[in-house]
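Residue numbers (the working numbering), protein chains in the order written: chain A, 8 to 130; chain B, 8 to 130; chain C, 8 to 130; chain D, 8 to 130.
Protein chains: 4
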Amino acid sequence: MIQLDYKSGVPIYDQLVNGIIRLKMLGALRPGDSLPSVRSMAFKLSINPNTVQRAYQLLEERGIIYSAPGKGSFIADNKEGDDAIHNMAVQDFKSAVNDALLKGLTSAELTEIIKSIQKEDKR
Amino acid sequence: MIQLDYKSGVPIYDQLVNGIIRLKMLGALRPGDSLPSVRSMAFKLSINPNTVQRAYQLLEERGIIYSAPGKGSFIADNKEGDDAIHNMAVQDFKSAVNDALLKGLTSAELTEIIKSIQKEDKR
Amino acid sequence: MIQLDYKSGVPIYDQLVNGIIRLKMLGALRPGDSLPSVRSMAFKLSINPNTVQRAYQLLEERGIIYSAPGKGSFIADNKEGDDAIHNMAVQDFKSAVNDALLKGLTSAELTEIIKSIQKEDKR
Amino acid sequence: MIQLDYKSGVPIYDQLVNGIIRLKMLGALRPGDSLPSVRSMAFKLSINPNTVQRAYQLLEERGIIYSAPGKGSFIADNKEGDDAIHNMAVQDFKSAVNDALLKGLTSAELTEIIKSIQKEDKR
DNA sequence: GTGGTCTAGACCACA
DNA sequence: GTGGTCTAGACCACA
């Protein structure tokens, strides 16, 4: 369910973090669901366990999953996890907007771009 | 005029590239203007000439400046450089929008964020 | 497998870029194959790792290889890389033809030269 | 009559060499014609006299012009100069063909490219 | 003096 | 171990 792209330049652990967030957004992973263990996830994706470990750690720091030692890792309760994701996304998007404005794009252009992407997604 | 942040994780040569683009957008650097030489820029910013060289080379590849051995480096003529900057910025922003949508933000929210930033800038 | 010529005036990183392209054209390097690490390639060719790094980076920008920190560098999938090589080669050849015409060679002569070289290669 | 392009990356002295060759090919400079002195040529083109000196030196080495100390520089007799230009051009073109073949272009493609350029020129 | 290349070597993020 | 960044410093071509 999680596609990794080794060519993209995005660190694998980041891709894994985003992949799990995406699965949660899609409803494929629901609050309380258990995640595969670090080792089995590493095996499934053919990546290094250290890399999975790092992704889980980041997800836990951000309150999106929680780990019960000896039991495994689980998707956090709805509100806490969602807020964390939402806030991160808002922050990231704000800095993207700032970058774009600094490079001379206008708010109108940005709004236009959003609309155009929205249409593409509906196809 | 160019602030470097060593903690940010953003490569210094990238920060320099963005700084020069910003100065151009602000009109502080105009087409035909000469840039400080690689060495003097390095001295001003207390960084290594190689790092400046790399930034200048990236700017040249993107058509934003041009360099002539023995003469110096210069801001490129308007259209070519501006288009390059604009296209890069649009690409970057598009992928930011996609990221945000994947994390559950709605287009309406994104438009709202743009508006709020616009207001801040006017203060 | 890669011969460097220090007297030629052609930058070493460019020679390395061309050498790897040549090995790919010859089929000695195939899509998915891993390249020697930056360090080991540098050792083999008795050049500085930075120079290899630069060559690999250029190849990556052109879509001919891709690099993943912690994993290594790999020959890109066929189509993308081949197109990049082909387009570069066509551009280079076009400007060579223009230069030749400016210096008074006729198209007939140029075609003749191509034929003569073709015969040499068959020997 | 000679256009210099500072952005092209081609050394100015090379552009000057090519410019003079071109003027000769076009018949604007004929055997025996005198060239502007190093100083006046430098003034006309707003470039450094050293650069003109270097261009003249290269042209003389290749037998395209000759200098009479105290008198000035002159376009060489027809045959000698033309042969020199022709041979240089042939050499350059041969290596361009070799490069193209190494990068996988076929002789047929090269011949095709020549034809296409020929047509453009006739427009 | 100006840009461009290269070596030597340190240090960091990633897997 | 692997790629990526940066410093320090030398040397070259060019103007």
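For every residue, glycine included, the Cβ atom is placed at its ideal position computed from N, Cα and C. Source: prediction; values computed, not measured.
(Q) Can you check whether the C-beta of Tyr63 (chain C) is within less than 8 Å of a C-beta belonging to chain A? (A) Chain A contact via Cβ: absent.
Closer than 8 Å to chain C by CB, Arg69 (chain D)
It does not: the Cβ of Arg69 (chain D) has no partner Cβ on chain C nearer than 8 Å.
Check your understanding: For Tyr13 (chain B), which three-state DSSP category applies?
Key -> When secondary structure is reduced to three states using DSSP, Tyr13 (chain B) falls in the coil class, being assigned neither helix nor strand.
**Item:** In DSSP terms, what Ile72 (chain A) is bridged to
**Value:** Beta-bridge analysis with DSSP links Ile72 (chain A) to A:Ile82.
Any chain B beta carbon closer than 8 Å to Tyr20 (chain D):
Under the 8 Å criterion on CB atoms, Tyr20 (chain D) is classed as non-interfacial with respect to chain B.
- Going along chain A in order, which residues have a C-beta closer than 8 Å to the C-beta of Leu117 (chain B)? Per Cβ cutoff of 8 Å: Phe100 and Ile121.
With 8 Å as the threshold, decide whether the Cβ of Arg29 (chain A) is near any Cβ in chain B. At least one chain B Cβ lies under 8 Å of Arg29 (chain A).
Any beta carbon of chain C sitting closer than 8 Å to that of Lys14 (chain A)? Taking CB atoms only, Lys14 (chain A) has a neighbour in chain C less than 8 Å away.
- Task: Can you give me the Cβ contacts of Gly26 (chain B) inside the same chain, cut-off strictly under 7 Å, excluding the 5 residues immediately before and after it?
- Result: For Gly26 (chain B), where only same-chain residues beyond five positions count, the Cβ hits under 7 Å are Ile9.
Open item on the list: When you compare the CB of Ala49 (chain B) with every CB in chain A, is at least one pair closer than 8 Å?
Closed with: Ala49 (chain B) does not count as touching chain A.
Q | 8 Å Cβ shell around Lys51 (chain B) - same chain, five flanking residues per side excluded | A | Contacts found: Pro43.
task: May I have the straight-line CA-CA distance separating Gly79 (chain A) from Gly39 (chain A), to the nearest angstrom?
output: For Gly79 (chain A) and Gly39 (chain A), the distance between alpha carbons rounds to 11 Å.
| query | Closer than 8 Å, CB to CB, is Gln10 (chain D) near chain C or not? | reply | Chain C, which has no Cβ nearer than 8 Å to the Cβ of Gln10 (chain D), makes this no.
### Query
chain D beta carbons: is any one of them nearer than 8 Å to that of Gly111 (chain C)?
For Gly111 (chain C), at least one C-beta of chain D is nearer than 8 Å to its own C-beta.
Nonlocal neighbours in the same chain, by C-beta distance under 6 Å from Gly88 (chain B), ignoring five residues either side = Here the set comprises Gly70 and Ile71.
### Task
Determine which residues of the stretch 71-82 of chain C have a Cβ less than 9 Å from any Cβ of chain A, and write them out in chain order.
Residues of the stretch 71-82 of chain C with a C-beta less than 9 Å from any C-beta of chain A: Tyr73, Ser74, Ala75, Pro76, Gly77, Lys78 and Phe81, listed in chain order.
Query - Cα-Cα separation, Ile120 (chain A) to Val45 (chain C) - result: Rounded to whole angstroms, Ile120 (chain A) to Val45 (chain C) spans 40 Å at the Cα level.
| What does Ser41 (chain C) pair with, by DSSP beta-bridge criteria? | Paired residue(s): C:Phe81.
For this session: Taking C-beta pairs closer than 8 Å, name the residues in chain B that Ala91 (chain A) reaches, listed in chain order.
Result: Within 8 Å Cβ-Cβ: nothing; Ala91 (chain A) doesn't reach chain B, min ~10 Å.
Between Val24 (chain C) and chain D, is any beta-carbon pair separated by less than 8 Å? No, because no Cβ of chain D sits closer than 8 Å to the Cβ of Val24 (chain C).
Can you check whether the CB of Ala83 (chain A) is closer than 8 Å to the CB of Leu23 (chain A)?
-> Taking 8 Å as the Cβ cut-off, Leu23 (chain A) and Ala83 (chain A) do not qualify as a contacting pair.
Pick out whichever of D:Glu127, D:Lys126, D:Tyr20 and D:Gly34 has its Cα sitting closest to the Cα of Asn57 (chain D). When the alpha-carbon of Asn57 (chain D) is set against those of D:Glu127, D:Lys126, D:Tyr20 and D:Gly34, the nearest one is in D:Tyr20.
(Q) Considering only their Cβ atoms, is the gap separating Ile28 (chain B) from Lys101 (chain A) smaller than 8 Å? (A) Their beta carbons are not under 8 Å apart, which means Lys101 (chain A) does not touch Ile28 (chain B) by this criterion.
Give every residue of the same chain whose Cβ lies closer than 8 Å to the Cβ of Met95 (chain C), excluding the five residues on either side of it in the sequence, and list them in chain order. Setting aside the 5 residues that flank it on each side, Met95 (chain C) is surrounded in the same chain by Arg69, each with a C-beta closer than 8 Å to its C-beta; the list follows chain order.
- [ ] Taking only the alpha-carbon atoms, compute the straight-line gap between Asp128 (chain A) and Lys122 (chain A) and give it to the nearest angstrom.
- [x] Distance from the CA atom of Asp128 (chain A) to the CA atom of Lys122 (chain A), rounded to whole angstroms, is 10 Å.
Exercise for review: Quick one: give me the first and last residue of the alpha helix (DSSP H) that Asn25 (chain C) is part of.
Suggested key: Ile19 to Met32 is the span of the alpha helix (DSSP H), which, as asked, contains Asn25 (chain C).
Is the CB-CB distance between Ala103 (chain B) and Asp99 (chain A) below 8 Å?
In this structure, Asp99 (chain A) lies closer than 8 Å to Ala103 (chain B) by Cβ.
Taking the alpha-carbon positions, what's the Val17 (chain D) to Asn105 (chain C) distance?
One C-alpha to the other measures close to 15 Å.
- request: Could you tell me whether the Cβ of Ala107 (chain C) comes closer than 8 Å to any Cβ of chain D?
  value: By this cut-off, Ala107 (chain C) is an interface position.
| query | Is the Cβ of Phe54 (chain B) closer than 8 Å to any Cβ of chain A? | reply | According to the sequence provided, residue 54 (chain B) is Ile. The question's Phe does not apply to it. Not an interface residue.
Under a three-way DSSP split, which group does Ala35 (chain C) fall into? In the structure shown, Ala35 (chain C) sits in coil (DSSP, three-state: anything other than H, G, I, E or B).
**OP:** Can you have a look at Tyr13 (chain B) and say buried or exposed, based on whether 16 or more other CB atoms are within 10 angstroms of its CB?
**Re:** Exposed is the call here.
request  = In the DSSP assignment, find the unbroken alpha helix (DSSP H) run with Thr118 (chain D) in it and report its ends.
outcome  = Residues Ser114 to Lys129.
So, at 7 Å on beta carbons, what are the nonlocal neighbours of Glu67 (chain C) in its own chain, with the 5 sequence-adjacent residues on each side left out? Closer than 7 Å at the Cβ level, and outside the excluded window around Glu67 (chain C), lie Tyr73 and Ser74.
Q.
Please classify Lys31 (chain C) as buried or exposed, where buried requires at least 16 neighbouring CB atoms within 10 angstroms.
A. Here Lys31 (chain C) is buried, its C-beta having at least 16 other C-beta atoms within 10 Å.
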